[in-house]
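Shown next, in structure tokens, is the structure this report addresses.
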Amino acid sequence: HRYPSQVELEQYLNHVAERFDLMRDISLNTYISSVHWNAADKRWDIATSTGAKISAQFCVMATGLISAPKKIDIPGYEDFAGETLHTFDWPREKPDFAGKRVGVIGTGSSAIQAIPIIAREAGELFVFQRTPHFVVPLNNGPLDPEYERRVKSDYKGWRQKQMNSFGGYISLNFEAGVPNTHSAMEVTPEERRTEYETRWKSGGLCFYTSFKDLLLSDEANETLAEFFREKTRARIKDPELAEKLIPQGYPILTKRLCADTGYFETYERENVHLVSVKENAIERITPAGIKLADGTEYPLDVLIFATGFDAITGVLTTMDIKGRDGLTFSEAWYDGPRTYMGMTTSGFPNMFVVNGPGSCTGFFNPVLNVEYQGNWLAELIGHMRAAGTQVVESTREADDDWSEHLRAVAAPTLFWKSENWYIGANVEGKPRAMMLYLGGFGAYKEFTRNVASDGYKGLCFSH
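Letter by letter, the sequence shown follows residues 4 to 466 of the numbering used here.
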């Protein structure tokens, strides 16, 4: 399929693990209890949930971009007497919603995918929405055999093109996969419309490259936002309902674009009810269901949380990780993450981060990003062994310079005008800072390669 199912993805992962005999180096169902720097031994002491103690010269945090769910701070969360589910931790056994009153809190990407399926089974479904999202049809389905043949005939060539592209994604499907280098405002309205229609017909998340200034210009951004609103209105028969489901007040693409299959049409079902909680907020969760600020109560049998993630930094700041002199990531990043090239942080010797803050991931194919970073770090370790050095970490100055570069690149963008997870605005109390590099993978590769060729400038080595 164009977008593979969970089952297919799992089959592929197992295939890779078996083909390359990786399972001998993998411990499943094992959680990390603590990761502490041992200054005397110049190694990391790692404790696991199984009671194992591990000593490692290097520690690579490959903990993922969107791995730490947001803490649920709704009063009464623990009081609900019915069944509680979370989209981030969906049970392998299919839940039974038949005839039940089901509530979903959140309308982000996961909820938009789940709601149409749940609605077909539930007796009644109540969707509690704070902020509507911009949604494009997924248009998923079996791959065309000819398309599949063309891809498989030149895997190496396509991968090379991906590695040299801005976002790490390319398409054999004509215009929809090609970045448009024009400004949205320098073409005619008819040309803009043609560009947007082509990508809408293709479906999926190809709108980010529609025009070069969509995330830089309010005027350009609004042309795409209004195109989406028009398309959404056409999908919803009830005008009053449509206005509740149509995003207003923030630039499109600054929150992650969502893809759906029949999401809006689901609200036309008699058993589906949209509950706006932006003005009339959830006051608390009760044993019987949900109570809003105005006193309205919704009795529920099942409550599903689709409330998002503490993205990019969440895992690192909540794990028991202590660097030099007991330093934690929360302390080191009190006003936002500081890294050098997204791979090292001062105060955490011999600890490397991949697909984390300060890297391109989130705006570049994460599989290719981690492959590049893994190779770069392997060469760094090879350099250390050849030189006979044991410890490496970035200097505070290098961290600050890279962080300032991230801020400078992100400053003119529209991301600051929405509560998105790229800048940490979706988590209360989290420092507001652009946590990812927006300069493109080509610029990132050039910078990191220059660092290596210049004797790993910005890194401090010791024996």
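Ideal Cβ positions, reconstructed from N, Cα and C, are used throughout, including at glycine.
Local Cβ density within 10 Å of PHE177, reported as buried at 16 or more and exposed below that: Caution applies to PHE177, whose pLDDT of 46 falls short of 50 and renders its modelled position unreliable; the value that the coordinates give is listed next. The residue is exposed, with fewer than 16 neighbouring Cβ atoms inside 10 Å.
Residues bridged to MET346 (per DSSP): For MET346, which the question treats as bridged, DSSP gives no partner whatsoever.
Three CB pairs or more closer than 8 Å across the stretch 321-337 and the stretch 120-131: Per the Cβ contact rule, the stretch 321-337 is not in contact with the stretch 120-131 (fewer than 3 Cβ pairs under 8 Å).
Validate contact between the stretch 263-277 and the stretch 53-60 using beta carbons, cut 8 Å, 3 pairs: Judged by Cβ distances under 8 Å, the stretch 263-277 makes no contact with the stretch 53-60, as fewer than three pairs qualify.
Secondary structure of TRP336, DSSP reduced to three states: coil
Beta-bridge partners of PHE129, as assigned by DSSP: GLY106 and HIS276
First and last residue of the uninterrupted alpha helix (DSSP H) at SER456: 444-456
Buried versus exposed call for SER456 [16 or more other C-beta atoms within 10 Å across all chains shown]: exposed
Check whether VAL280 and TRP203 have beta carbons under 8 Å apart: no
Minimum C-alpha distance to LEU441 - residue among ILE35, SER156, ASN368 and VAL278: ASN368
Range of the contiguous alpha helix (DSSP H) that encloses LYS294: Element bounds for LYS294: not the alpha helix (DSSP H) but the beta strand (DSSP E), 292-295.
Segment contact flag, the stretch 294-308 with the stretch 134-148, C-beta cutoff 8 Å, min 3 pairs: no
Buried or exposed (CB count within 10 angstroms, at least 16 for buried), LYS164: exposed
Own chain partners of PRO352 with C-beta closer than 6 Å, once the 5 adjacent residues on each side are dropped: Taken in chain order, the residues that qualify are VAL394 and GLU396.
CB-CB length for ILE239 against LEU227, believed under 8 Å: Contact between ILE239 and LEU227 fails: their C-beta atoms lie close to 19 Å from each other, not under 8 Å.
Length of the line joining the Cα atoms of GLY252 and TRP424: Taking the straight line joining both Cα atoms gives about 17 Å.
Nearest-angstrom Cα separation, counted from VAL38 out to ASP44: 14 Å
Three-state secondary structure (DSSP) of SER362: SER362 carries a coil assignment under DSSP once its states are collapsed to helix, strand and coil.
Limits of the beta strand (DSSP E) - the one that SER58 falls within: 56-59
At least three beta-carbon pairs within less than 8 Å, the stretch 425-444 to the stretch 350-366: yes
PHE231, enclosing alpha helix (DSSP H) - first and last residue: Its alpha helix (DSSP H) spans residues 221-238.
Which of helix, strand or coil DSSP assigns to ASN17: Three-state DSSP puts ASN17 in a helix.
CB contact flag (ALA114, ASP313, <8 Å): no
Unbroken alpha helix (DSSP H) run spanning ASN378, endpoints: 369-390
ASN224 and LEU417 closer than 8 Å at C-beta: yes
Alpha-carbon spacing of ASP48 relative to ALA55, whole angstroms: Those two C-alpha atoms are separated by around 11 Å.
Close Cβ partners of ASN142 (< 6 Å) along its chain, the five nearest in sequence each way excluded: Within its own chain, the residues whose Cβ lies closer than 6 Å to the Cβ of ASN142, once the five positions on either side in sequence are excluded, are GLY206, listed in chain order.
Beta-carbon spacing of THR110, PRO94 below 8 Å: no
Buried/exposed call for GLU198, threshold 16 Cβ in 10 Å: buried
Backbone secondary structure at GLU243 - three-state DSSP: helix
Meets three-Cβ-pair contact criterion under 8 Å: the stretch 305-312 and the stretch 180-196: no
ALA2 classed as buried or exposed, judged by whether at least 16 other C-beta atoms fall within 10 angstroms: Residue 2 lies beyond the range of the chain shown here (4 to 466); nothing can be said about it.
DSSP state of MET437 mapped onto helix, strand, coil: Correct three-state label for MET437: coil.
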